[in-house]
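J.: After the structure tokens below, expect a handful of questions from me.
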Amino acid sequence: MLRRTLLLGLCRGPLGRGLGTHRGGSILDRDGKMSEIKKKIQSILPGGDWNPLYDTSYLPPESSDVVIVGGGVLGLSVAYWLKKLEKPRGAIRVLVVERDHTYSRASTVLSVGGIRQQFSVPENVQLSLFSIDFLRNINEYLAVADDPPLDIQFNPSGYLLLASEKGAAIMENNVKVQRQEGAKVCLMSPEQLRNKFPWINTEGVALASYGMEHEGWFDPWCLLQGLRRKVQSMGVLFCRGEVTRFVSSSNLMKTASGEEVNVKRIHEVHVKIDQSLEYQPVECAIVINAAGAWSGQVAELAGIGKGPPGTLQGTKLPVELRKRYVYLWHCPQGPGLETPFVIDPSGTYFRREGLGHNYLGGCSPTEEEEPDPGNLEVDHDFFQDRVWPPLAQRVPAFETLKVRSAWAGYYDYNTFDQNGVPLLLGREGPGAQHHLSLAGRAGRLQAVRPRPTESVGGGDPRTDGPG
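Structure (structure tokens):
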């Protein structure tokens, strides 16, 4: 009787009348509103189970097979391939924890979106070649039913690296490695450089390497959103929060040679909920550190670097937070549509942005010039003192440029060799030693993970540094 009375009363009131038809059309989503009304009625009837005081939908699950710390392009890519390769579907439960849900401080979206194959280590070239195939066929990988296709706005204008007399021999050796791995890169003399790009001043340039295929830049924000949309459709769980603690257990085991080793395994992650003092423990089997510039801090939570000096456990993850500036300027007389992503021997870099004679660029500071990473404020004097002079020297048209805007972003800088470091926080012992030893050999996901605001090689196109 109570249920019937409530329904009748509700239909006679203003809300009930609002669900009727009007002249010229009907109220949209009538079924959705009726469903909402029924839920509210159920909540006040005896036995109703809806109670906003105990709503826990914002919390992460109590358990997950894999917890990925960091929801940028790298973390989302890991989640994608875990779900892509699982058999059967739904066999692996994956949770992505991201504290910056707006991505306002994320390296991914603050990057210049470059992709190249011009590295000295074969693994880096291979990763980039795979990544460009991923980008060119992105809708075969990331298509979601009933959603529009992705347009990452890939611009295949190539990378142009310039070397001084001192770096010419190293550049030649690097190009040999790149060609052996299948990259389409050519060497150019100063004369050939002037003929192809007459707007370049070749003074101080002994040799140049130019990527003829599969290099350029794209929209990293579009890639991020495409990956996020896809992994959600694949059943990946998301949580807005911060990992603050790892709970691990230890077991004493013997190797094949009889040596006793202490094996630690993380079995629980504590996630602090965004804008709250509460945390949720999540049981797990594997933790993947994809925190980018903050990955060193996450590694410390697992005890990495906190052991006795000189031991493996006392070796810190060599990743530091660095701040980099990107400047946008306008120059009507600047290089045209054929402009590649140019890297000068000074470390200054630039590329075209859009079709209106706008350009993006910057320069990596020296160790003594490293800015405070505690904020994302831009130093405009850095452009005047360090970026503009080599730009104008290399491209005389840039003498008349006008800076229109600028921003700063974070870069995860590997102090050991400037390469990517694969780190699986699932266990410690012999396996952990293997993972950490990959630091000098591992490449990085160039397109699956666009690099932040850093010039190639920390200002030196001869190395495999940030790009």
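Start counting the sequence shown at 1; every next residue gets the next number (UniProt numbering).
Even for Gly, the Cβ is constructed at its ideal location relative to N, Cα and C.
Compare the C-alpha of Gly-235 against each of Val-287, Asp-65, Phe-197 and Pro-389 and name the closest.
T.: Taking only the C-alpha atoms, the option nearest Gly-235 is Asp-65.
J.: So, do the segment 320-327 and the segment 380-392 have three or more beta carbon pairs nearer to each other than 8 Å?
T.: Enough Cβ pairs lie closer than 8 Å, so yes.
J.: For Leu-207, write down the residues that DSSP places opposite it in a beta bridge.
T.: Answer by DSSP bridge pairing, in chain order: Ala-163.
J.: Closest Cβ-Cβ distance between Arg-99 and chain C: below 8 Å?
T.: This model lacks chain C altogether; it includes just one protein chain.
J.: Where does Thr-244 fall in DSSP's three states?
T.: Of the three classes helix, strand and coil, the one that applies to Thr-244 here is strand, per DSSP.
J.: So, is Glu-98 buried or exposed, given that buried needs 16 or more other C-beta atoms within 10 angstroms?
T.: Buried, because 16 or more other Cβ atoms sit within 10 Å of the Cβ of Glu-98.
J.: Going by DSSP in three states, Gly-374 sits in which element: helix, strand or coil?
T.: Correct three-state label for Gly-374: coil.
J.: What residues in its chain sit with their C-beta under 8 Å from that of Gln-297, if we drop five residues either side in the sequence?
T.: These residues qualify, in order along the chain: Ala-291.
J.: Does DSSP put Arg-404 in a helix, a strand or coil?
T.: In this structure, Arg-404 counts as strand in the three-state DSSP scheme.
J.: Taking three-plus beta-carbon pairs below 8 Å as touching, is the segment 77-94 in contact with the segment 304-311?
T.: Output reads no: the segment 304-311 does not touch the segment 77-94.
J.: For Asn-155, which residues from the same chain have a beta carbon less than 6 Å from its beta carbon, with the 5 sequence-adjacent residues on both sides left out?
T.: The residues are Gly-216 and Trp-217.
J.: Assess contact between the segment 72-86 and the segment 184-196, defined as three or more Cβ pairs (one per stretch) separated by less than 8 Å. Is contact present?
T.: Because the criterion of three Cβ pairs below 8 Å is not met, the segment 72-86 and the segment 184-196 do not touch.
J.: For the candidate residues Gln-225, Arg-240, Arg-352 and Glu-259, whose alpha-carbon lies nearest to that of Thr-108?
T.: Closest by alpha carbon: Gln-225.
J.: Which residues in the same chain have their Cβ closer than 7 Å to the Cβ of Val-144, if we skip the five residues on either side of it in sequence?
T.: Within the same chain, Val-144 has close Cβ partners Arg-229, Lys-230 and Ser-233.
J.: Measure the alpha-carbon distance for Glu-353 versus Leu-237 and round it to whole angstroms.
T.: So the alpha carbons of these two residues sit roughly 35 Å apart.
J.: Within 10 Å of its beta-carbon, does Asp-146 have 16 or more other beta-carbons around it, so buried, or fewer, so exposed?
T.: Exposed.
J.: With DSSP run on the structure shown, which of helix, strand or coil describes Lys-254?
T.: Lys-254 falls in the strand class under three-state DSSP.
J.: Grouping DSSP H, G and I as helix and E and B as strand, with all else coil, what is Asp-381?
T.: Residue state, collapsed to three classes: helix.
J.: Suppose you measure from the CA of Thr-400 to the CA of Ser-346; what does that come to, to the nearest Å?
T.: When rounded, the distance between both Cα atoms is 20 Å.
J.: With DSSP run on the structure shown, which of helix, strand or coil describes Lys-316?
T.: Coil at Lys-316, not helix or strand.
J.: Pick out whichever of Glu-172, Tyr-80, Glu-320 and Ala-168 has its Cα sitting closest to the Cα of Tyr-141.
T.: With distances taken between Cα atoms, Tyr-141 lies closest to Tyr-80.
J.: Label Leu-193 either buried or exposed according to how many other C-beta atoms from any shown protein chain fall within 10 Å of its C-beta, with 16 as the threshold for buried.
T.: Buried, because 16 or more other Cβ atoms sit within 10 Å of the Cβ of Leu-193.
J.: Which class does Val-177 belong to by DSSP, given the choice of helix, strand or coil?
T.: Correct three-state label for Val-177: helix.
J.: Could you work out which residue in Ile-288, Gln-280 and Asp-151 is closest to Cys-222 when comparing CA atoms only?
T.: Checked all of Ile-288, Gln-280 and Asp-151; the closest Cα to Cys-222 is Asp-151.
J.: With a Cβ-Cβ cutoff of 8 Å, do Tyr-279 and Val-287 count as a contact?
T.: No, the pair does not count as a contact, with Cβ atoms beyond the cut-off.
J.: Just to confirm, are Glu-62 and Val-282 a CB contact at a threshold of 8 Å?
T.: In contact: Glu-62 and Val-282 (Cβ atoms closer than 8 Å).
J.: Can you tell me where the beta strand (DSSP E) with Asn-358 in it begins and where it stops?
T.: From DSSP, the beta strand (DSSP E) with Asn-358 extends over 358-363.
J.: Going by beta carbon distance, what residues of the same chain come within less than 8 Å of Gln-180, once the five residues before and after it are set aside?
T.: These residues qualify, in order along the chain: Pro-122.
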